[in-house]
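> Got a structure for you, written out below as structure tokens; questions coming shortly.
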Amino acid sequence: MSLLHFFKKQLQSLSTKHHQDSSMQSLSHDLTANFKHIQSLFSYAPDFTYKSFMSKSGSHCMLLFLDNLVDQEKLNNQILKPLQYDINQVNKDAIPFDRIEEKNKISDLENALLTGNSVLLEEGQTNALIFSTQNFPLRSISEPKTESTLKGSQQGFIESIGKNIALIRRYLPNRQLMIKSYSVGKRAPTQVALIFLHDVANPEIIAEVEDRIQQIQVDSIINTGELIEYIEDHPSSVFPQILQTERPDAVASHLLQGRFAILVDHSPYSLVAPMTFFNFFSVIDDYSNRWMTTTFFRFLRYWGFFIATSLPAFYIATLTFSYEILPVDLLFSIGESRIQVPFHPLIEALIMEVSSVTINIASARLTAPVGQTVGIVGGVILGQAAVQAGIVSNIMVIVIAITTLSTFIIPNTDVSSSVQIIRFPMMIIASLFGFTGISIGYMIIAALIINMESFGVSFGNPVSPIHLHEWKDLMIRFPNWKIHERPVSADTVQAQRDGNSRQSGDQ
Amino acid sequence: MQKYAYNQISLMQYIFLLYKTQLGIGVFTLPRIVAEDVGHDGWISILLGYMLSNIVSILVIKLMEKHPDQTLYEILPCFFGKWVGNLINIILILFTLIGASIVIFGIISIVQVWSMPKSHQFVLMLLFLVPVYLVTKQGVRNMSNYAQFVFLFTMWQPLLIMSTIYDAEILNFLPIFSEGIPHVLEGVRGTLFSFMGFEMSFFLYPFLKDKKHAIRGVIIANTLCLNILLSVTLICFSKFSQEEILDFIWPTLNLLKTIQTPVLERLEIPFLSFYLPVVLISVVTYLYISLLGITTLTKKSNHIPYLWIVLLAWTILSIFYTPSINTLGIVSDWWTEASIYIVFYFSVFLWGYSLIYHRWQKRGLG
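Here the protein sequences line up with chains A and B, keeping their order.
Note that this note's numbering has the first sequence beginning at 36, numbered continuously upward.
Note that this note's numbering has the second sequence beginning at 7, numbered continuously upward.
This is the structure:
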């Protein structure tokens, strides 16, 4: 047994050693040997392409690259043409190309090729030149799909981290905008960038995030959503603690408030933290609408949250336990609509609620024309037929419809999905304990929110603990020139946001 | 000795935690109790009870100012030596624990009577213990955050009570001092149960960040509490005759029963349900303070094992023993009696003792 183990270990160390050897090797003077070596690393890569040519100075050169990852035009016009016809020496300074590196480790060259660079080998040289010729298949910048806006900018992030950083920088051309870059993932390293305003964001929070990002040990990060699970404080909570947005203007606004953002290469979403529960109820459009309108909208959103979590629960509680709180006339009209329905209100609500959530989830993945059909068949026809068949009551259909609509008034999709989940336990607890159950249900939700901390900031800020001056941007949005401080919930080192823009004289 | 620094609370958190601890099931019964003890002059007794609580609160804070980083549990062994000090500590632990138990069993019985007559006490106990556990396990800061949330969540309730003020009868209050001032003074005793909770500053003071304003904090909390108690009593007295109030066990709920709107009637049922958070805050605070005492005595740092023991004990007790309303009344009378000795007499004594103790120590050092 132990002998076998020993051999296995030997074998393992041998194979890793061999692997290490082949990739840690440096280039030799022999061009053909170098090329053979690299080609052996890419033996099953049909897109591995090379061009062998004589430079004007007369030395034998080889240009290696992965097809379709590089810009062919740059390759031809800025590398091959000058080398073959214009310049007499092959070195970094002579070639008219903006980004050239010199490397001699085979492993470096391998990585460079895999990320879209081209490699130039020359006879008799132990250094290879690496040209940044990346040209990934990318879509152009388009308007954000999930966060459409009426008045804001129509640019959304795309799948390239470089372009995304440029989009943010356009809003914040400031020296203090710091971008720290990490590579996460062992097998397929993904570039992750942590962005913050150096003189505003709290250095302790930044250090904590940095630590969490560096601790990640994973094959690869495909999307920002995956990254969230590795760095958030409470992965088992229903509520999102980190905002995902695809709007550069939203990110810029949050950065100015003292939060930090994380961009992941290949993902059109950016992460923003530390967020509090109440931050999820405001959107960037709020600041460009008139403040009274925004205030009204915000009240509606909080009301929507309340209705979406508990309207079916209230209905069930009233019908099962406390029908005496309804005036007799109202009670009669509800009774009349329920007269044919054979089920307990909870069953009735569950039937409707499950179908409504099903339609909702189904239509999110369908193309627009099919989605409409699903909406009409699922919502209108099914609802009407269910009432006529006497399976559910009219009033229950109204209750569920209002609940569903209220779910969508919550601007953040993560929060509205968690509300959809919370609704079910609320209905069950209401059917067991009536209003007492609903009250306890809310207490549990509140306790869970209050017990949470996101990057050292209480998730219940600014309502519990109360920070009164932050209420200027809670339900009532004060005019922008009245909000002088950055939010406490962002825990910034620089609290003042602006000066006095409107002197009292000119009103 | 900054061992409470990690869990510091701001003045606002301190005020709301005290205020919400004070408000408990006392609000429901107070109008009847003062009507029984004093009659229609009862509201004056409440005012006097308020003043008394304020005086004692100030003494408590003055005492605590000399020991800013210690709770009462740590001060007592210093004052009286290990044995006597710890004996008093055990009495305090029992006092707070019984306080918490009275409140939770009391609210269960009220809920049973008013909205859930068919549910067994045990089931309701299990239900209520979930939020109690969630809040208590996290310590003082989250408890006070929670108190703030409850304050905001229940802000509509005082307004609802105020809205019952239509057709009030001023003549109900006349003549003032009809049965003499001594009679009014005697009634103060009964009102103290409703103000109970300010003595938590004995234990919460070390957690307070801004210790300069502690006295202001306690007085604000007392005043907020007085505001509710006095307005409830005044409205009850102005709407019901004295004979009527004596018939009600919980006059405040009967008061709400009179509201009728086009959409909702019998508002006392939702009111009672949404008053639960307020009551459970009292449970949580008393419970936590007694657990704090136990951890101090046993020199442990984690209170959660003890929390589980208490919750388990309550659950088991609720299966086998259902206290009647009368029993609860008698027990809470005893508790009030004990609290008068422990909170009022003892704090005054302690304050005097501390003056002598510090003088004596100074002399000893000199």
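All C-beta atoms in this analysis are idealised placements derived from N, C-alpha and C, irrespective of residue type, glycine included.
Considering only DSSP beta bridges, list what B/Q266 is partnered with.
DSSP, once it has assigned bridges, lists B/E271 as partnering B/Q266.
> Does the distance from the C-beta atom of A/G151 to that of A/F171 stay below 8 Å?
Cβ atoms of A/G151 and A/F171: closer than 8 Å.
> For B/F111, I'd like the list of residues in its chain whose CB is within less than 6 Å of its CB, leaving aside the five on either flank, ordered along the chain.
These residues qualify, in order along the chain: P329.
> Less than 8 Å between the CB atoms is what I'm expecting for A/I445 and A/F340, so what's the real figure, rounded?
6 Å between Cβ atoms; contact.
> In this structure, how does DSSP classify A/L440 when only helix, strand and coil are distinguished?
Residue state, collapsed to three classes: helix.
> On the criterion of 16 or more Cβ atoms from any shown chain inside 10 Å, does B/K215 qualify as buried, or is it exposed?
The residue is exposed, with fewer than 16 neighbouring Cβ atoms inside 10 Å.
> With DSSP as the reference, please indicate the residues paired to A/M89 in a beta bridge.
Answer is A/H95, bridged to A/M89.
> Which residues in chain B have a C-beta closer than 9 Å to the C-beta of A/T330? List them in chain order.
Going along chain B, no residue has its Cβ under 9 Å from A/T330, so there is no contact; the nearest lies around 18 Å.
> Could you work out which residue in B/L17, B/I96, B/T27 and B/P37 is closest to B/T304 when comparing CA atoms only?
Minimum Cα distance to B/T304 is reached at B/I96.
> Taking the C-alpha atoms as reference points, what is the distance between A/P179 and B/F157?
Their backbone Cα atoms lie some 40 Å apart in a straight line.
> Which chain A residues sit within Cβ distance under 8 Å of B/F155?
By Cβ distance, chain A contributes A481, I485, G495, V498 and S499.
> Shorter than 8 Å from the beta carbon of A/H269 to some beta carbon of chain B?
Taking Cβ atoms only, chain B never reaches closer than 8 Å to A/H269, which makes this a no.
> Relative to the alpha-carbon of A/P303, which residue among A/I196, A/R204, A/Y358 and A/K221 has its alpha-carbon at the smallest distance?
For A/P303, the nearest C-alpha among the options comes from A/I196.
> Do A/D284 and A/G418 count as a contact pair if the criterion is CB distance below 8 Å?
Cβ atoms of A/G418 and A/D284: not closer than 8 Å.
> Just to confirm, are B/P74 and B/K217 a CB contact at a threshold of 8 Å?
Yes. Within cutoff.
> Could you give the first and the last residue of the continuous alpha helix (DSSP H) run that contains A/E182?
Careful: A/E182 lies outside any alpha helix (DSSP H) and carries neither H nor E.
> Measuring only between beta-carbons, confirm whether B/V141 sits less than 8 Å from chain A.
With 8 Å as the cut-off, B/V141 counts as an interface residue toward chain A.
> So what's B/S307 in DSSP terms, helix, strand or just coil?
In this structure, B/S307 counts as coil in the three-state DSSP scheme.
> So, are the CB atoms of A/P208 and A/W326 less than 8 Å apart?
It is not a contact, given that the beta carbons lie outside the stated cut-off.
> Using 8 Å as the limit for Cβ to Cβ distance, is B/L262 near chain A?
No - not a single Cβ of chain A is within 8 Å of the one on B/L262.
> So, A/V528 versus A/P497, is the Cβ gap smaller than 8 Å?
In this structure, A/P497 does not lie closer than 8 Å to A/V528 by Cβ.
> Less than 8 Å between the CB atoms is what I'm expecting for A/N162 and A/N139, so what's the real figure, rounded?
5 Å between Cβ atoms; contact.
> Do you know whose CA, among A/P377, A/Y477, A/L298 and A/N123, lies nearest B/T381's CA?
Chain B is shown from 7 up to 372; residue 381 of chain B falls before or after that span and cannot be answered.
> Assign B/C231 to one of two classes, buried (16 or more other C-beta atoms within 10 Å of its C-beta) or exposed (fewer than that).
Under this definition B/C231 is a buried residue.
> If you pair each beta-carbon of the region 402–411 of chain A with each one of the region 373–393 of chain A, do three or more pairs fall below 8 Å?
Contact between the region 402–411 of chain A and the region 373–393 of chain A is absent, because fewer than three Cβ pairs lie under 8 Å.
> Along the region 244–275 of chain B, what residues have a CB closer than 8 Å to any CB found in chain A?
Listed by position, the residues of the region 244–275 of chain B near chain A (Cβ gap below 8 Å) are Q266, P268, V269, L270, E271, R272, L273 and I275.
> Go ahead and pull the three-state DSSP assignment for A/N174.
Looking at the sequence provided, one finds Arg at residue 174 of chain A rather than Asn. A/R174: coil per DSSP, three-state reduction.
> Just the Cα atoms here: how many angstroms apart are B/V33 and B/Q163?
When rounded, the distance between both Cα atoms is 12 Å.
> With 8 Å as the threshold, decide whether the Cβ of A/P380 is near any Cβ in chain B.
False, the Cβ-Cβ gap to chain B never drops below 8 Å.
> Mind listing which residues of the region 37–56 of chain B have their C-beta closer than 8 Å to chain A's C-betas, in chain order?
Going along the region 37–56 of chain B in chain order, one finds no residue with a Cβ nearer than 8 Å to chain A.
> Could you please give the first and the last residue of the uninterrupted beta strand (DSSP E) stretch that includes A/A308?
Here the beta strand (DSSP E) through A/A308 covers S305 to A308.
> Cβ closer than 8 Å: which chain B residues qualify as neighbours of A/I351?
In chain order: nothing, as chain B lies at least about 14 Å away.
> Within 10 angstroms of its Cβ, does B/E271 collect 16 or more other Cβ (buried), or is it exposed?
Buried.
> I want to see whether chain A comes within less than 8 Å of B/P137, judged by CB atoms only; does it?
Yes, its Cβ sits closer than 8 Å to a Cβ of chain A.
> Could you compute how far the alpha carbon of A/V318 sits from the alpha carbon of A/S451?
Taking the straight line joining both Cα atoms gives about 14 Å.
> According to DSSP, is B/L36 helix, strand or coil?
It is helical.
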